[in-house]
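Its first residue numbered 0, the sequence shown is counted upward by one per residue in numbering that gives the first Met the number 0.
We treat Cβ as the ideally placed atom computed from N, Cα and C, and that holds for glycine.
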Amino acid sequence: MTITQLKYVLAVAEHKNFTLAAEKCFVTQPTLSMQIQKIEEELNIQIFDRTKKPIQLTDIGQKIVNQAKNIVNEADRIQDIVEQQKGFIGGEFRLGIIPTIMPTLLPMFLNNFIKKHPKVKLIIEELNTEEIITKLNNGHLDAAIAATPLMEEKIKEIVLYFEPFVAYIPENHHNFQKKEIEVEDLNLDEILLLQDGHCFRDGILNLCKNNTRSEGNHFQIESGSFETLIKLADEGLGTTLLPYLHTLDLKESDKVKLRHFTEPKPAREVSLIYPKSELKIQIIEALRSTIAGVVKGAIVFQNVQIISPLQKK
Numbered sequence: 000m001t002i003t004q005l006k007y008v009l010a011v012a013e014h015k016n017f018t019l020a021a022e023k024c025f026v027t028q029p030t031l032s033m034q035i036q037k038i039e040e041e042l043n044i045q046i047f048d049r050t051k052k053p054i055q056l057t058d059i060g061q062k063i064v065n066q067a068k069n070i071v072n073e074a075d076r077i078q079d080i081v082e083q084q085k086g087f088i089g090g091e092f093r094l095g096i097i098p099t100i101m102p103t104l105l106p107m108f109l110n111n112f113i114k115k116h117p118k119v120k121l122i123i124e125e126l127n128t129e130e131i132i133t134k135l136n137n138g139h140l141d142a143a144i145a146a147t148p149l150m151e152e153k154i155k156e157i158v159l160y161f162e163p164f165v166a167y168i169p170e171n172h173h174n175f176q177k178k179e180i181e182v183e184d185l186n187l188d189e190i191l192l193l194q195d196g197h198c199f200r201d202g203i204l205n206l207c208k209n210n211t212r213s214e215g216n217h218f219q220i221e222s223g224s225f226e227t228l229i230k231l232a233d234e235g236l237g238t239t240l241l242p243y244l245h246t247l248d249l250k251e252s253d254k255v256k257l258r259h260f261t262e263p264k265p266a267r268e269v270s271l272i273y274p275k276s277e278l279k280i281q282i283i284e285a286l287r288s289t290i291a292g293v294v295k296g297a298i299v300f301q302n303v304q305i306i307s308p309l310q311k312k
């Protein structure tokens, strides 16, 4: 069997369709099918149950796919080792970033990174945390930037910075007169939240875990953007919490509505995460170094309390 054949097996296992797998591998469908048939004949087993729609792995096929992932990853490491030895930082690099970090952090480091490492072709995707974990485990991302800790067995985390939560309180709210606020000041009935699926939303719910919601009818809305939440708060529909970096670009008239928490400030931990196989580690380190260089002036908070991004069951 060959590494190429194993890659074909992995493609079919992922897409559950021979034609689509062939397109993703840039070969014809007959070529892909023939190569998979060869490996099945060599092993004298069936990897796929072709009678089912979509195509399913057999029990032995699932075990082979699990091992094939390890073999293909280790094969990729050979080229990676050579590039590290030569000090080469280049090639395609797929990076995922969660939506609540992308608009503030990416403009801070992207241009700097491109200038420092022009041979790297960055392919950046905005993905939620669940999508990032899946793609990292499937080998479809090389690294990602997300809120941590995630407690994923196959993923490593390098902390980049701690980003405090900041309250946005409109002038007509009773907490507006306070210079600083405490978690106990928050009312879950009043907080405007991001949509389900955003880890920042889960962080807020974890932060307010000891605060209770009222049982009566109350106004509640969820949005996909901080800008919408700010506008709704200005209309008197509640308050909201923002990541610190997002507050830096607000208008001066809006900044007067920001209230920081008393220390230790509740914050999220933002990390560069990547598979434990450490493929392309030289690019990962270059990214870490570049981001650390640009955020150290913007993020200077140390006395913080990390709020978990994991959704409480």
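- Per DSSP, G202 is one residue of the alpha helix (DSSP H) stretching across C198 to L206.
- Using a 10 angstroms sphere on the CB of Q45, the tally of other CB atoms stays under 16, which defines it as exposed.
- Per the C-alpha coordinates, the member of S276, Q301 and V269 positioned closest to L105 is V269.
- No Cβ-Cβ contact shorter than 7 Å links P265 with F199.
- When DSSP states are grouped into helix, strand and coil, T289 belongs to the helix group.
- Of the candidates I132, R93 and P169, R93 places its Cα closest to the Cα of I283.
- Residue environment analysis places I97 among the buried positions, since at least 16 neighbouring C-beta atoms fall within 10 angstroms of its C-beta.
- Residue state for K37 is assigned as helix, using DSSP reduced to three classes.
- Under the DSSP assignment, E129 falls outside any beta strand (DSSP E), being part of the alpha helix (DSSP H) whose first and last residues are T128 to N136.
- For Y167, DSSP records a beta bridge to T239 and L257.
- Per DSSP, D233 has no beta-bridge partner at all.
- Bridge pairing for F47: L56 [DSSP].
- Around the beta carbon of F108, 16 or more other beta carbons sit within 10 angstroms, so the residue counts as buried.
- Secondary structure at F108: helix, using DSSP grouped into helix, strand and coil.
- Taking the Cα of A145 as reference, the smallest distance to any Cα among E152, A20 and L159 is reached at L159.
- For the 7 Å CB-CB criterion, Q4 and Q34 form a contact.
- Sequence-distant partners of L241 (beyond 5 residues in either direction) whose C-beta falls short of 7 Å from its own C-beta, in its chain, are V165, Y167 and F225.
- Only residues of its own chain outside the window of five on either side were considered, and among them L278 have a CB closer than 7 Å to the CB of D75, listed in chain order.
- As the crow flies, the alpha-carbon of T289 is around 14 Å from that of I298.
- In this structure, E156 and F260 do not form a Cβ contact; the two beta carbons are roughly 24 Å apart against a cut-off of 8 Å.
- For A142, the uninterrupted beta strand (DSSP E) run begins and ends at A142 to T147, by DSSP.
- Nearest Cα to N16 within the set L42, Q55 and I2: Q55.
- Burial state of R258 is buried, judged by a 10 Å Cβ sphere holding 16 or more other Cβ atoms.
- If you ignore the 5 residues before and after I2, its C-beta comes within less than 8 Å of the C-beta of I70, V71 and A74, all in its own chain and listed in chain order.
- Residue burial annotation: I229 is buried, with at least 16 other C-beta atoms found within 10 angstroms of its C-beta.
- Between the alpha carbons of F47 and V8 lies a gap of roughly 9 Å.
- Beta-bridge partners assigned by DSSP to I282: none are found.
- Listed as beta-bridge partners of V71 by DSSP are no residues whatsoever.
- For the 7 Å CB-CB criterion, L192 and C207 do not form a contact.
- Of R267, M0, I77 and T30, the smallest CA-CA separation from E41 is found for M0.
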